[in-house]
Amino acid sequence: MRSHLLNDLTAEHYRRSVTEGVERVAAQLATTGRPFTGITVDALAPRIERIDLDRPLHDTTAVLDELEEVYLRDAVYFHHPRYLAHLNCPVVIPAVLGEAVLSAVNSSLDTWDQSAGGTLIERRLIDWTAGRIGLGPAADGVFTSGGTQSNLQALLLAREEAKCESLAELRIFASEVSHFSVRKAAKLLGLSADSVVSVPVGQDKRMGTVALAHELERCARDGLTPMAVVATAGSTDFGSIDPLPGIAELCARYGAWLHVDAAYGCGLLVSPRRRELLAGIEHADSVTVDYHKSFFQPVSSSAVLVRDAATLRHATYHAEYLNPRRMVQERIPNQVDKSLQTTRRFDALKLWMTLRVMGADGIGQLFDEVCDLAHQGWQLLAADPRFDVVVEPQLSTLVFRYIPAAVTDPAEIDRANLYARKALFASGDAVVAGTKVSGRHHLKFTLLNPETTAQDITAVLDLIAGHAEQYLGDSLDRAC
Numbered sequence: 001m002r003s004h005l006l007n008d009l010t011a012e013h014y015r016r017s018v019t020e021g022v023e024r025v026a027a028q029l030a031t032t033g034r035p036f037t038g039i040t041v042d043a044l045a046p047r048i049e050r051i052d053l054d055r056p057l058h059d060t061t062a063v064l065d066e067l068e069e070v071y072l073r074d075a076v077y078f079h080h081p082r083y084l085a086h087l088n089c090p091v092v093i094p095a096v097l098g099e100a101v102l103s104a105v106n107s108s109l110d111t112w113d114q115s116a117g118g119t120l121i122e123r124r125l126i127d128w129t130a131g132r133i134g135l136g137p138a139a140d141g142v143f144t145s146g147g148t149q150s151n152l153q154a155l156l157l158a159r160e161e162a163k164c165e166s167l168a169e170l171r172i173f174a175s176e177v178s179h180f181s182v183r184k185a186a187k188l189l190g191l192s193a194d195s196v197v198s199v200p201v202g203q204d205k206r207m208g209t210v211a212l213a214h215e216l217e218r219c220a221r222d223g224l225t226p227m228a229v230v231a232t233a234g235s236t237d238f239g240s241i242d243p244l245p246g247i248a249e250l251c252a253r254y255g256a257w258l259h260v261d262a263a264y265g266c267g268l269l270v271s272p273r274r275r276e277l278l279a280g281i282e283h284a285d286s287v288t289v290d291y292h293k294s295f296f297q298p299v300s301s302s303a304v305l306v307r308d309a310a311t312l313r314h315a316t317y318h319a320e321y322l323n324p325r326r327m328v329q330e331r332i333p334n335q336v337d338k339s340l341q342t343t344r345r346f347d348a349l350k351l352w353m354t355l356r357v358m359g360a361d362g363i364g365q366l367f368d369e370v371c372d373l374a375h376q377g378w379q380l381l382a383a384d385p386r387f388d389v390v391v392e393p394q395l396s397t398l399v400f401r402y403i404p405a406a407v408t409d410p411a412e413i414d415r416a417n418l419y420a421r422k423a424l425f426a427s428g429d430a431v432v433a434g435t436k437v438s439g440r441h442h443l444k445f446t447l448l449n450p451e452t453t454a455q456d457i458t459a460v461l462d463l464i465a466g467h468a469e470q471y472l473g474d475s476l477d478r479a480c
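The working numbering applies: residue 1 is where the sequence shown begins, and numbers increase by one.
Right, here's the structure in full:
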């Protein structure tokens with residue numbers, strides 16, 4: 001069994017095995033004509049359940065054959081131009097190369113003596129990102145598993161900086177379309193159920209500063225503590241960006257920590273044409289960025305950044321076997337001092353490889369392309385009488401609803417939209433997402449693939465309309 005350990009004696013075995021795996025994936029990518037096969041849970045689950053994990057195949061080729069049947073053939077492929085559903089991006093090749101390198105070397109980024117150069121590369125990328133944001137010379141941060149963890153850590157720091165003896169008195173303000181992880185973080189941090197104050201948004205789905213000012217004033221009047229305001233720079237459903245300068249001014253006035261959740265909108269940091277959409281982010285106390293959304297990186301690749309490095313001390317614990325206090329005086333850089341995680345992958349390498357091969361402008365141009373495409377999609381939807389589109393996009397998300405000419409019952413229209421999404425997914429021809437707006441079911445395109453075209457959008461809209469019309473026709477037949 002030692003022949004399977006990766007070391008100097010098995011380097012050739014490693015090369016052959018990984019090459020065979022890469023060739024299988026490459027062949028699958030080259031021949032995949034749809035984003036999904038449409039396979040059902042009931043059809044796929046028995047294949048996986050009948051595999052006896054206590055009886056290994058002892059052969060890489062046989063295992064890859066099996067993997068093709070239970071995973072590769074039926075995976076949902078984000079690289080396909082008609083995958084239009086969630087915030088999943090196609091990935092760039094330099095990042096995939098970085099993934100291969102970091103998995104093989106398997107550095108752990110918690111301490112210097114487990115990572116060496118990896119620690120310094122991650123720190124350099126944090127400094128680079130903080131510079132792009134404009135957080136100033138005292139800024140710092142750390143890579144995380146994703147936006148949920150980044151938001152949790154940011155709000156942990158905000159809670160501690162609030163210096164409030166009673167957790168019940170703390171309040172977090174976030175827009176009504178902010179990410180669910182804000183409420184999850186509040187619960188994990190021991191805050192009360194009503195600690196997150198939902199601030200109304202306007203028709204553009206951006207937080208209203210007048211409404212926020214009203215809520216902050218009420219908080220002060222009630223003797224409560226405004227722990228944090230979470231501004232969203234790229235909401236999950238609408239891609240909307242809250243008015244950051246106005247929100248920053250209110251945070252300064254009321255003494256609230258400003259956290260900007262830019263998990264989605266962080267791609268604007270490298271955009272050659274749209275960087276101004278993030279004006280005001282430089283005033284944040286903390287920022288979430290998800291490189292695996294709009295920097296075209298493989299999952300996971302995220303970070304939380306702070307204006308003042310000293311605030312990261314609230315996540316610091318020392319263990320004699322790992323990062324004893326003396327290492328701080330010895331200036332030994334241990335990333336575990338800043339992180340909620342201990343053992344942690346060298347995910348920063350993927351972004352490093354991408355920047356060194358493509359450059360920041362190269363990434364930003366790709367993000368600009370999908371934002372341009374979203375605007376084209378909005379124009380198509382606005383001109384199509386079959387659909388009602390909710391809001392003009394700031395980033396690359398479109399939320400819309402099929403509206404049949406002959407049906408006026410909102411509940412029946414809901415059912416038609418739900419059916420159309422389900423039928424489209426079952427066909428495998430395209431994948432779209434869904435959400436609710438004002439209590440009504442809508443469909444959603446999240447456009448993160450520069451290979452997607454306006455023609456793809458038109459074709460998918462026709463498919464959606466066809467499925468919805470089929471449902472309504474069948475429903476009429478049943479009623480008769």
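No residue lacks a Cβ here, since even glycine has one placed at the ideal position from N, Cα and C.
Run of the alpha helix (DSSP H) containing residue i, from where it starts to where it stops
{"i": "D65", "result": "60-67"}
{"i": "R183", "result": "181-188"}
{"i": "H214", "result": "209-221"}
{"i": "R401", "result": "Not the alpha helix (DSSP H): R401 falls in the beta strand (DSSP E), residues 397-402."}
{"i": "R47", "result": "41-49"}
{"i": "C411", "result": "For the sequence presented, residue 411 should be read as Ala rather than Cys. Segment 410-427, the alpha helix (DSSP H) holding A411."}
{"i": "V96", "result": "93-105"}
{"i": "S150", "result": "147-162"}
{"i": "S115", "result": "112-115"}
{"i": "T19", "result": "11-31"}
CB contact flag (residue i, residue j, <9 Å)
{"i": "P450", "j": "V370", "result": "yes"}
{"i": "L351", "j": "F295", "result": "yes"}
{"i": "V493", "j": "H80", "result": "In the structure displayed, the chain extends from 1 to 480; residue 493 sits before or after that span and is not available."}
{"i": "I172", "j": "A228", "result": "yes"}
{"i": "S486", "j": "S145", "result": "For the chain, the structure presents residues 1 to 480; residue 486 sits outside this window and is missing."}
{"i": "L244", "j": "A284", "result": "yes"}
{"i": "V289", "j": "A263", "result": "yes"}
{"i": "L9", "j": "A104", "result": "no"}
{"i": "Y254", "j": "A220", "result": "yes"}
{"i": "P35", "j": "A430", "result": "yes"}
{"i": "L349", "j": "G141", "result": "no"}
{"i": "P226", "j": "D361", "result": "no"}
{"i": "H314", "j": "R325", "result": "no"}
{"i": "I457", "j": "L424", "result": "no"}
{"i": "L340", "j": "L155", "result": "no"}
{"i": "S108", "j": "R345", "result": "yes"}
Residue i - containing beta strand (DSSP E), residue span
{"i": "F387", "result": "387-389"}
{"i": "E71", "result": "With the sequence shown as reference, residue 71 is identified as Tyr, and Glu is not the correct amino acid for it. Counting along the chain, Y71 falls outside any beta strand (DSSP E), and DSSP gives it neither H nor E."}
{"i": "P226", "result": "225-232"}
{"i": "I172", "result": "170-175"}
{"i": "V431", "result": "431-437"}
{"i": "A262", "result": "257-262"}
{"i": "L443", "result": "440-446"}
{"i": "T288", "result": "286-290"}
Residue i versus residue j: straight-line alpha-carbon distance, rounded
{"i": "C480", "j": "D474", "result": "Reliability of the predicted coordinates at C480 is poor, the pLDDT of 47 falling under 50, and the value obtained from them is presented with this limitation in mind. For C480 and D474, the distance between alpha carbons rounds to 10 Å."}
{"i": "H86", "j": "P410", "result": "25 Å"}
{"i": "T435", "j": "R124", "result": "38 Å"}
{"i": "A468", "j": "A383", "result": "19 Å"}
{"i": "H13", "j": "L64", "result": "15 Å"}
{"i": "T316", "j": "V390", "result": "44 Å"}
{"i": "R356", "j": "V101", "result": "15 Å"}
{"i": "R47", "j": "A168", "result": "50 Å"}
{"i": "G208", "j": "A43", "result": "48 Å"}
{"i": "Q365", "j": "G190", "result": "42 Å"}
{"i": "T453", "j": "D388", "result": "21 Å"}
{"i": "R415", "j": "V432", "result": "16 Å"}
{"i": "D204", "j": "A158", "result": "28 Å"}
{"i": "D462", "j": "A420", "result": "11 Å"}
{"i": "L67", "j": "R274", "result": "42 Å"}
{"i": "E392", "j": "A30", "result": "35 Å"}
{"i": "T354", "j": "Q376", "result": "28 Å"}
{"i": "G466", "j": "V182", "result": "38 Å"}
{"i": "A248", "j": "R386", "result": "41 Å"}
{"i": "L97", "j": "I413", "result": "46 Å"}
{"i": "Q455", "j": "R82", "result": "10 Å"}
Whole-number beta carbon distance between residue j and residue i, since they are thought to touch under 8 Å
{"i": "L305", "j": "I121", "result": "Contact flag wrong, Cβ pair sits at about 16 Å."}
{"i": "A138", "j": "R307", "result": "7 Å"}
{"i": "S396", "j": "L373", "result": "7 Å"}
{"i": "D237", "j": "V197", "result": "Incorrect: roughly 19 Å between the Cβ atoms, too far for contact."}
{"i": "F367", "j": "L398", "result": "Contact flag wrong, Cβ pair sits at about 16 Å."}
{"i": "Q335", "j": "D110", "result": "6 Å"}
Whole runs of the beta strand (DSSP E) within the region 295-368, excluding any shorter than 3 residues: Runs found: 302-306.
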